[in-house]
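Participant:
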Amino acid sequence: MSSALFAAKSHAQLYAKFRPFPPDLLVKSIITYLSKKVPAPFKNAVDIGCGSGQSSFVLSPYFESITGFDVSEAQIKYAQEQHSAPNITYKVSSGNCWSIASASVQLVTFAQSFHWFDSEEAFREVERILIPNGVIAVYGYSIPIPRVDDQTKNAKLKELIEKYLHTEKLGDYWRKENLVVERAYADITLPFQDTCRENFVMEAQSSLSEYLGYLKTWSSFQKLYKEDCQKANNLLQDVKNRFLEILDKTKCQEEICFTLHTDYFMLLGRK
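Per the UniProt record's numbering, the very first residue in the sequence shown carries number 1; after that it's consecutive.
1. At the level of alpha carbons, what is the spacing between S60 and L247?
2. Work out the CA separation of T250 and I48 for me, nearest whole Å.
3. For the beta strand (DSSP E) containing S207, list its first residue and its last residue.
4. CA-CA distance, S219 and S94?
5. Given a threshold of 16 other Cβ atoms within 10 Å of its Cβ, counted over all protein chains shown, does V201 qualify as buried or as exposed?
6. Keeping to the same chain, check which residues put their C-beta closer than 8 Å to that of A232; ignore five residues upstream and five downstream.
7. Look up L130 in the DSSP assignment and give the residues it is bridged to.
8. Relative to the C-alpha of Q112, which candidate in Y33, Y141, I256 and Y62 has its C-alpha closest?
9. Under the rule that 16 or more other beta-carbon atoms within 10 Å means buried, what is R270, buried or exposed?
10. At which residues does the beta strand (DSSP E) containing A45 begin and terminate?
11. Determine the DSSP secondary structure at E64, reduced to helix, strand or coil.
12. Over the uninterrupted beta strand (DSSP E) stretch that includes T262, give me the two end residues.
13. Please look up how many angstroms separate the CB atoms of L268 and E198, rounded, as I've assumed it's under 8 Å.
14. If you draw a straight line from the C-alpha of R242 to the C-alpha of V180, how long is it?
15. Quick check on DSSP: helix, strand or coil for I145?
16. Report the rounded CA-to-CA distance for Y185 versus F265, giving the unit in angstroms.
17. Could you tell me the alpha carbon to alpha carbon distance between V58 and R19, rounded to whole angstroms?
18. Between which two residues does the alpha helix (DSSP H) harbouring K153 extend?
19. Would you call the CB atoms of G53 and Q13 closer than 8 Å?
20. Would you tell me roughly how many angstroms separate the C-alpha atoms of K36 and H166, rounded to the nearest one?
21. Looking at C-alpha atoms only, which residue of S102, E177, K153 and D172 is the closest neighbour of A45?
22. Alpha carbon to alpha carbon, what distance is there between L34 and D24?
And the structure:
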């Protein structure tokens, strides 16, 4: 996993502010799956590729100790500042080697991060640190799409984000690893007998300013921004203008609210 993609302080700041927390239903599903063969209280969880800490923070009510690892020092700094808890430790770690004792962890999670790792190496390390009957949870989400009370407008918004922005304008800036996410982790096979797949839908209220902030967290947008910041800013303004045109709005962006629809997908496996 390359730290260059997420090393910038500005990128980490955007992650901390605009990347979503995993939905409660997803987190509770992980805990339910774990508790079938591992009795509470749960001791140790590890969150790999934790970014700015949202995915580690949601585990804090359930475990005595959580360790979040990320390759980016900037991401870890924001995790420590904004998503800390007494039972969470954040650490910088390169690649697939984590400073965790063997057979000491009840849960390992990868939140929208597994596609950045070498799967064989990651699975070997997961098997090393998990206790018997310990659980791995690999989950991610598709592009959050704005929705309003108009199906015609919804179709146009979906096309704007998925086709125009994601594919036509930023298609050349996505790395091949992102294709794994686009296929909803369908190509990933966990190395355990006891596995399952679960899907969730999260709907939350959002605003245009928040959504534009989220779009800026995309690795493809950040790559374009590093190449030509003016071109990137112009693209974001273009998307905003098209968004306003679809909704027939002229208000300032903070006043425009909508429902954000996000599809989550998760693979669960038991050692």
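Even glycine gets a Cβ: it sits at the ideal position worked out from N, Cα and C.
Facilitator: According to the data block:
1. 40 Å
2. 42 Å
3. D194 to S207
4. 19 Å
5. exposed
6. F221, L224 and Y225
7. V105
8. Y141
9. buried
10. F42 to I48
11. strand
12. C257 to R270
13. 7 Å
14. 29 Å
15. strand
16. 8 Å
17. 14 Å
18. Q151 to K158
19. no
20. 40 Å
21. S102
22. 15 Å
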